[in-house]
Structure formats: C-alpha cells, structure tokens
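End of the sequence shown = 392 in UniProt numbering, gap-free, step of one. The C-beta atom is built at its ideal place from N, Cα and C for all residues, glycine as well. Data first, discussion second: the structure below is written as structure tokens.
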Amino acid sequence: MKLPEDIHELILEDLASKLDVLGQEKLEAWLEENGENRETYRKFCSLWYSGKWANSRVVIKKQVAWEQIQGRRRNRRRIRWIVRSASVAASLICVIGLIWLFTSKDEIVPVASLPKWQPRQATLVLSTGETKELSVAKMSMIEEKGAIICSDSAYLEYRNEGLEKSQEEQVYNELIVPKGGEYRLRLVDGSLVVINSGSRLRFPVSFNGKSREVFLSGGACFEVAKDSLKPFIVHANEADVRVLGTLFDVSAYEDEERVEVTLVNGAVKIAVDGSNARLVPNEQFVFNRRTGETLVREVDAESYIAWTNGIFRFDALPLDLLMKKLSRWFDIQYEFEDDVLKEVLYSGGFRKYDNIQDILNMIGEVTNISFIVTNDVIKINKKSDNATNITR
C-alpha cells in the first residue's frame with residue numbers, strides 16, 4: 001500500500017518524539033480507521049527501533065512549488081525544496097527501508113546495463129615527467145629526489161629514511177585520481193591526504209622551505225601533521241587554506257562554481273579573492289567563483305568527510321551538485337530534461353559502493369523524479385503518473 005505523505009510524516013515525528021498535540025490527535029484518528037492502518041504503524045515501529053535501515057536514511061520536505069514544476073504555475077521564480085529547521089528536519093527522517101516496504105514492487109525496474117562501480121587506478125607523475133600507474137597490488141618502492149616512495153594500488157607514502165634532503169628548489173610530484181577512483185597519500189611530513197575521484201594533487205617530495213604547500217584541483221580530505229614552524233597551505237583554485245595541524249575537507253572542482261572548505265577539528269585560515277576567514281570546528285567556508293561572494297556557516301562537518309569512509313552523506317544538496325558527485329564516482333553521463341530540477345534539494349545518505357540504479361531509485365522515491373536511460377545517458381525529468389523511478 002501507499003502511505004499518504006501527511007501520515008508518513010506524522011508517524012516519523014511520533015517515533016522521534018516530536019509530535020505535537022494536534023498531530024497526535026490526527027495520527028490516533030487514522031489508527032482508529034481500520035486494522036490495516038494499525039498494522040502499518042506496527043511495521044514502521046518495528047523497522048525504526050530495529051535500526052535495520054540505519055545506514056540508508058533520507059529527509060526531504062517539498063515546497064508547494066512542485067505544482068509550478070508541473071506547469072500549474074508559470075512564473076519564473078527559482079523552485080526549491082525547502083528543508084525545515086534543523087530541529088524539525090532531524091525528526092522527519094524517512095527511512096529508505098520503509099519506502100521500499102510500502103511501495104509496490106513492480107514500480108522498480110532493474111537496469112542491468114547501468115554501470116556498476118569499478119575501481120579506477122591513480123597515476124603518479126614524477127618530477128621528470130615519468131608516469132607510474134598505481135595498479136599493482138604488491139608494495140613497490142622507488143627513490144625520488146631525496147625521498148623513498150612506497151606505493152600500492154590504494155596507498156602512497158613518502159619517507160625520508162636516511163636519504164640526504166635536497167637543498168635545491170622544491171621538487172614536485174602530482175597524483176591524479178580519475179573518476180571512480182579514490183587514493184590515500186602520506187606526505188613526507190606525516191600528513192595524510194585522502195584524494196577524491198576526479199582530482200589532482202601537486203605536492204613536494206620533501207618540505208625544505210619555510211612552509212608546506214600543496215596544490216589541489218578537485219576534492220580531498222587533509223589530516224595535517226602538526227609543525228608550528230612550518231604552516232601547511234593548500235592552494236585550491238582561488239582559495240588558499242592555511243593550517244598548522246588539523247582535519248579538514250576541501251572541495252574545489254573546476255566544473256563547480258563553489259569552493260568549500262569544511263573544518264572537522266583544529267583551526268584554519270582562508271584567503272580568497274581579497275577576503276579572509278578563520279574557521280572553528282563544524283564551520284564551512286563557501287566561495288562562489290561566479291559572483292565572488294563568500295560566507296561562513298555552521299555544518300555537520302563529519303558528513304563532509306564521510307566519503308573517506310565509504311559513505312555519501314548530503315544535507316540539502318541541490319540535485320545538480322548531487323549528480324556531479326555521482327557522475328565522478330560512477331563515471332556516468334546524465335542530462336536534465338528540465339533545468340528547474342537542478343534546484344531540488346536532497347538530504348540523505350547511502351554507501352558509495354551500492355549499485356547506482358539502487359541509489360537513483362532511492363532518490364526518485366523521495367523526490368518524485370524519474371531517471372530514464374537512453375543510449376547510456378541518464379535523462380532526469382519529473383515523474384509522470386504511474387511512472388517508474390528508473391527505466392530503459
């Protein structure tokens with residue numbers, strides 16, 4: 001059976017102990033209507049308290065503007081799904097398992113031709129221009145200008161083990177991580193960098209100067225080794241992030257108009273386009289490259305580094321940015337049939353190694369959006385009546 005959206009939200013608020021008196025009366029009236037309603041509520045409670053679906057939760061609140069997307073209103077205002085205030089949003093958690101439980105099974109159409117995630121190997125570019133494909137499972141070691149490089153297919157480490165440090169100009173290597181890839185790099189100072197898919201990091205093989213400076217295009221999470229005498233600086237397109245020792249995430253992809261720096265612990269200073277900011281934990285700096293605007297906002301910083309642990313977590317992320325992230329990870333092509341859908345806000349999470357068709361079905365269930373595969377391109381549109389989430 002399909003559950004009315006207002007009842008769905010009332011049950012979730014009740015389970016989260018956030019239901020007011022009026023909502024309680026409405027829910028009790030619905031329960032008294034028939035035994036099927038009471039059995040539905042019992043199943044909700046069973047799934048909720050068992051924690052069976054704890055790793056797959058989403059929350060989204062639709063604005064009346066959905067009617068505008070359907071053509072009932074013709075004004076050209078930007079249309080967005082509005083997520084309620086944090087206290088209410090926390091209570092309106094829609095467990096994906098419940099959606100699957102109360103949705104007819106024949107609405108989900110598997111698409112075998114959609115690509116499954118496959119690991120892509122990173123490439124190391126040495127100072128000489130020579131490239132090394134990091135695809136060999138066994139550990140290998142090479143010497144590079146004052147450092148020993150230890151590598152395998154998922155991890156790269158630079159060490160100064162008794163080698164004489166070069167006193168000449170800095171010698172740089174570059175690590176290139178393709179779409180569908182992810183790589184961990186241990187710099188010579190002990191700092192750990194997890195580099196996201198579709199990203200590049202240029203870094204010295206040895207930090208000989210007064211500072212430790214690296215250059216990022218794309219996304220990476222940094223856990224910086226403390227050294228009060230040598231600040232660590234990340235140059236990420238227009239933004240310069242200066243730290244002494246901390247954990248933070250940087251997103252600076254060339255195909256996205258925003259540069260984001262999210263601080264998990266410690267402190268960072270950011271300089272960009274004449275503006276300066278200092279972050280404390282659970283704050284995020286955002287720079288809009290198109291408008292030049294900057295802002296600092298409070299966030300759940302852990303959600304922004306969840307990708308380093310195999311989880312995608314999003315908080316009110318526009319669907320346009322969500323699809324870019326999925327495209328980089330799964331190496332898929334997509335098109336929006338209606339540009340207004342790019343502004344749909346999505347909150348939720350799923351495992352990075354889940355099947356892409358399951359992820360799209362999950363998104364489609366809560367956004368009323370369809371994903372249609374045509375010539376290996378995913379077409380994104382508003383869902384028509386009785387349409388499936390993803391078809392070919």
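Rounded to whole angstroms, the gap between the alpha carbons of L10 and L22 is 10 Å.
Burial is judged here by how many other beta carbons sit within 10 angstroms of a residue's own beta carbon; S211 has fewer than 16 and is exposed.
Of the residues assessed, E130 falls on the exposed side of the cut-off, its CB having fewer than 16 other CB atoms within 10 angstroms. Nearest neighbour of L295 by Cα position, chosen from V171, T40 and V261, turns out to be V261.
Under the rule that a run must span 4 or more residues, the alpha helix (DSSP H) segments found entirely inside the stretch 249–328 read 301–304. Remark: C-beta atoms of K382 and I369 approach each other more closely than 8 Å. Rounded to the nearest angstrom, the gap between the Cα atoms of I359 and V193 is 27 Å. About 6 Å separates the beta carbon of A267 from that of V280, a gap short enough to meet the 8 Å contact definition.
For E28, the enclosing alpha helix (DSSP H) has its first and last residue at V21 to E33. Ranking N309, V366 and E13 by CA distance to the CA of K352 puts N309 first. Taking K226 as the centre and dropping the five residues before and after it, the same chain places the C-beta of L244 and G245 closer than 7 Å to its C-beta, in chain order.
In this model, F287 and S327 are separated by some 23 Å (Cα to Cα). Excluding its 5 nearest sequence neighbours in each direction, W30 has C-beta neighbours in its own chain below 6 Å: I7 and N37, listed in chain order. L175: member of the beta strand (DSSP E) spanning Y172 to V177, first to last residue.
The three-state secondary structure of G364, taken from DSSP, is helix.
G198 and S347 have their alpha carbons spaced roughly 23 Å apart.
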